[in-house]
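2 protein chains.
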Amino acid sequence: MRIEAVDFFYLAMPQVTTAADGSQDALVVRVSAGGLTGWGECEASPLVSMAAFVTPMSHGACRPVSASVLGHEVNGPDDIRAMAARIAYDSMDLLQAPHTWSGIEMALWDLLGRARGEPAWRLLGQAQAFPKTPYASVLFGADAQETLQRARAIRAQGFRAAKFGWAPFGDSLQGDEDQLAAAREGLGADGILLIDAGQIFGADVEAAAQRLPAMERARVTWFEEPFAAGALSAYAALAARSGSVGVAGGEAAHDRDMALHLIDHGAVRFIQIDCGRIGGLGPAREVAQYAAARGVTYVNHTFTSNLALSASLQPYVGLEDHRICEYPTGLSALAQELTVTRIAPDANGLIHAPDAPGLGVEVNEATLERYRVPVEIRVGGRVILSA
Amino acid sequence: MRIEAVDFFYLAMPQVTTAADGSQDALVVRVSAGGLTGWGECEASPLVSMAAFVTPMSHGACRPVSASVLGHEVNGPDDIRAMAARIAYDSMDLLQAPHTWSGIEMALWDLLGRARGEPAWRLLGQAQAFPKTPYASVLFGADAQETLQRARAIRAQGFRAAKFGWAPFGDSLQGDEDQLAAAREGLGADGILLIDAGQIFGADVEAAAQRLPAMERARVTWFEEPFAAGALSAYAALAARSGSVGVAGGEAAHDRDMALHLIDHGAVRFIQIDCGRIGGLGPAREVAQYAAARGVTYVNHTFTSNLALSASLQPYVGLEDHRICEYPTGLSALAQELTVTRIAPDANGLIHAPDAPGLGVEVNEATLERYRVPVEIRVGGRVILSA
Chain W
1 MRIEAVDFFY LAMPQVTTAA DGSQDALVVR VSAGGLTGWG ECEASPLVSM
51 AAFVTPMSHG ACRPVSASVL GHEVNGPDDI RAMAARIAYD SMDLLQAPHT
101 WSGIEMALWD LLGRARGEPA WRLLGQAQAF PKTPYASVLF GADAQETLQR
151 ARAIRAQGFR AAKFGWAPFG DSLQGDEDQL AAAREGLGAD GILLIDAGQI
201 FGADVEAAAQ RLPAMERARV TWFEEPFAAG ALSAYAALAA RSGSVGVAGG
251 EAAHDRDMAL HLIDHGAVRF IQIDCGRIGG LGPAREVAQY AAARGVTYVN
301 HTFTSNLALS ASLQPYVGLE DHRICEYPTG LSALAQELTV TRIAPDANGL
351 IHAPDAPGLG VEVNEATLER YRVPVEIRVG GRVILSA
Chain C
1001 MRIEAVDFFY LAMPQVTTAA DGSQDALVVR VSAGGLTGWG ECEASPLVSM
1051 AAFVTPMSHG ACRPVSASVL GHEVNGPDDI RAMAARIAYD SMDLLQAPHT
1101 WSGIEMALWD LLGRARGEPA WRLLGQAQAF PKTPYASVLF GADAQETLQR
1151 ARAIRAQGFR AAKFGWAPFG DSLQGDEDQL AAAREGLGAD GILLIDAGQI
1201 FGADVEAAAQ RLPAMERARV TWFEEPFAAG ALSAYAALAA RSGSVGVAGG
1251 EAAHDRDMAL HLIDHGAVRF IQIDCGRIGG LGPAREVAQY AAARGVTYVN
1301 HTFTSNLALS ASLQPYVGLE DHRICEYPTG LSALAQELTV TRIAPDANGL
1351 IHAPDAPGLG VEVNEATLER YRVPVEIRVG GRVILSA
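In order, the protein sequence lines correspond to chains W and C. Letter by letter, the first sequence follows residues 1 to 387 of the numbering used here. Letter by letter, the second sequence follows residues 1001 to 1387 of the numbering used here.
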């Protein structure tokens, strides 16, 4: 099947705020080949990822992503891997390329799965898909009282696990201690409590470590992204003193190697991969296998639509012991409406990857129109993108 | 001084080819503040870096680079560092951001230097600037004979050091052995010979190691980028067996941490930093100090104009023992004509960073017009960039 077209849909809510809510916009990708279509989603900054697809070549090692995709054949998983390798080499100086490619790569697995009547996770080499325990992923309340209410609401919805993240966490030690206690109280004694610091401590190991006693008291399972994504030695230093609290990270990894470094040199206990950034399902699957072999738990990272959620599950549904999955709640209207298919907890509160071809998610094309942000890019007087 | 404007100039040669010649296009940046201007240059993919400046915000941790720059004050080095930290946090999910910021950051040091009448290297904390031994940086010939001629020509021009890089290196062991012998022969017995593999071996340590005996015979000083930028364990494995040949790398680092990892976990003997990618002079200076403290030699990486060359020298001219510098030859006409100022070897064949305020380089504004590629970006029906 020859790749005939890659179409981008830049969607956004009418108002985009500085909240850490990644579902306020979306870049949906449709790939057409052999009379079939596949769908994927890139994480963040739609305009820049679109530009990376169409940008004029700077030189041989800085070609647009399109050069490695359009007109090429996709007849099996190896073709997708070959495309990934070509982009890594021919677009090595185009920093944004992995984010652009991520959505295309997902769409290619979706398309290939539809062609073969197989779910993507099976094409990735997994014989069976195991259910996951979803954690409701929410932001901290503005104060401990609000967090308490959010935690209670999550428990009332039937979730056994919840993650609270971002500001105001990190503002003050006392404030954080109150937030942690409130989250535990609201979630109940048996809930799985996860904390996401959103890189707020930079590389300040002591500042992060000050929160550990309160985390141990609140029986926090993981302490996510205490530091900037590349602060490996800070990660390792915190991990050496974090006791029962596992250090987690990895969402920023834009290639497989970055995730491996966080395992090898950052000593994380949980590796969190966003398929919309790391280059799609292929490298994510490699990270999952690498992690599993080293006793590190793989977790999906996703905070947008159910299309991205399905993609994020595909690389590790075959790993029975890696039980937790991120399940975004409180998504924007556009993210909720993007898919006809809804991935919801079953009667036991567990999440299943769709048992349908490809990513198993039907996109709601009316949503693509409703929230669409038109983009036109002209270079040298010529329109090189109109979407 | 309040930053009033950041203007981008996308320049390109009439024909851009797949050669590994990074001077075929350029993204020049002009920053205006307090009635002064400063100039910088971003490495590669001008359109995408421009888009990262103006892109609409996706969420609080994915803001455009402009949000951290326009309207902010720049009165001293700490203001530049604060801006860098703000971008690292507020644009953490915008992958292209470091490349965009790199040119702006250079321009800010240039502007600040002009305001204070001081060269940028002094503002970076260096008391004295030491001369460097330039290496002529060229691509391999198509065969050994052509490489021999290039090496002889370089010696005839008075260079004591030369670097040969990229294809066809890596195509065959015998071909590479011939190329290495030819380069040594042409350069003469006393020349410093450097080899750049352009990541051709991916993560294949054995393939790279097969070239080591011929490199030792040709007395190669460094073996640059044998592997993909993030293949740290491959770097370390090769370094453990490379004998008299030092492994070099780092040009792809888009933040300080990535360069540090190559030192700490990749065991490179030479760390090569491109100020047009790593976020400008500030993080490059930090890498230089980190390297110097660990016995690793810092080297600039640059393959575009003399503006970028000056910027690339600023972070380490104070390190007397780090003697080698990249000095691109065979640049495209646009890169040659971009600056009125020419940085050329002195009577002893040594290169000096300009002893003039800021980067000490005067941009030829006629060149900005001659090679200009107009860009217009419309989002939601509104023109957000016209340059």
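For each residue, glycine too, the CB sits at the ideal point set by N, CA and C.
Query, Result
"Any chain C beta carbon closer than 8 angstroms to C42/W", "no"
"Run of the alpha helix (DSSP H) containing I1271/C, from where it starts to where it stops", "Premise fails: I1271/C lies in the beta strand (DSSP E), F1270 to I1273, not in any alpha helix (DSSP H)."
"Where E1320/C sits in the DSSP three-state scheme", "coil"
"Selection from G202/W, D78/W and E206/W that minimises the alpha carbon distance to L173/W", "E206/W"
"Nearest candidate by alpha-carbon position, reference R256/W, set V287/W, L232/W, A234/W and A335/W", "V287/W"
"Within chain C, the residues that G35/W reaches when beta carbons sit closer than 8 angstroms", "The contacting residues do not exist; G35/W stays about 32 angstroms from chain C at best."
"Close Cβ partners of H1391/C (< 7 angstroms) along its chain, the five nearest in sequence each way excluded", "No information on residue 1391/C is available, as it lies outside the stretch 1001 to 1387 that chain C covers here."
"Burial state of G71/W (16 or more Cβ within 10 Å)", "exposed"
"Any chain W beta carbon closer than 8 angstroms to R1378/C", "yes"
"Residues that L385/W bridges to, as DSSP identifies them", "I377/W"
"For E376/W, the nearest candidate out of I384/W, E369/W and R370/W (CA to CA)", "I384/W"
"Beta-carbon proximity of S310/W to H301/W, cut-off 8 angstroms", "no"
"CA-to-CA distance, L1148/C to L368/W, given in whole angstroms", "58 angstroms"
"Helix, strand or coil at E4/W [DSSP, three-state]", "strand"
"Distance cut-off 7 angstroms: A253/W Cβ against heavy atoms of the ligand GTP", "The ligand GTP is not part of the structure shown, which contains no ligands of any sort."
"Proximity winner among G1280/C, D1025/C and Q1336/C, relative to W1101/C (alpha-carbon distances)", "G1280/C"
"Short Cβ contact (8 angstroms threshold) for L1112/C with V1065/C", "no"
"Assigned exposure category for N1306/C - 16 Cβ within 10 Å defines buried", "buried"
"Unbroken stretches of the alpha helix (DSSP H), 4 residues or longer, contained in the segment 1188-1269 of chain C", "1205-1209, 1212-1217, 1232-1239 and 1256-1264"
"Cβ-based contacts, 7 angstroms cut-off: residues of the segment 1255-1287 of chain C near chain W", "D1255, D1257, M1258, H1261 and H1265"
"Per DSSP, cross-strand counterpart(s) of A1161/C", "Y1135/C and I1192/C"
"Residue environment, D171/W, which counts as buried when at least 16 other CB atoms sit within 10 Å", "exposed"
"Three-state class that DSSP yields for N1306/C in the structure shown", "helix"
"Whole-angstrom C-beta distance between L238/W and A218/W, which should lie under 8 angstroms", "With a Cβ gap of about 17 angstroms, A218/W and L238/W do not count as contacting."
"Extent of the continuous beta strand (DSSP E) to which W121/W belongs", "Segment A120 to L123 is the alpha helix (DSSP H) holding W121/W; no beta strand (DSSP E) there."
"Chain C contact for L94/W (CB, 8 angstroms cutoff)", "yes"
"Chain W contact for T946/C (CB, 8 angstroms cutoff)", "There is no way to answer for residue 946/C, as the model of chain C reaches only from 1001 to 1387."
"At least three beta-carbon pairs within less than 8 angstroms, the segment 1029-1041 of chain C to the segment 1090-1109 of chain C", "yes"
"Separation of F1270/C from K1163/C, as counted between CA atoms", "14 angstroms"
"Any C-beta of chain C under 8 angstroms from that of M57/W", "yes"
"Beta carbon of M1050/C nearer than 8 angstroms to that of A1335/C", "no"
"Backbone CA spacing between V220/W and M1092/C [nearest angstrom]", "25 angstroms"
"Span of the beta strand (DSSP E), counted from its first residue to its last, around A33/W", "D25 to A33"
"Assumed close pair L1094/C, S45/W - CB separation to whole angstroms, cut-off 8 angstroms", "5 angstroms"
"Distance, A1120/C Cα to E1362/C Cα", "14 angstroms"
"Residue ranges of each alpha helix (DSSP H) within the segment 340-371 of chain W, 4 or longer", "365-370"
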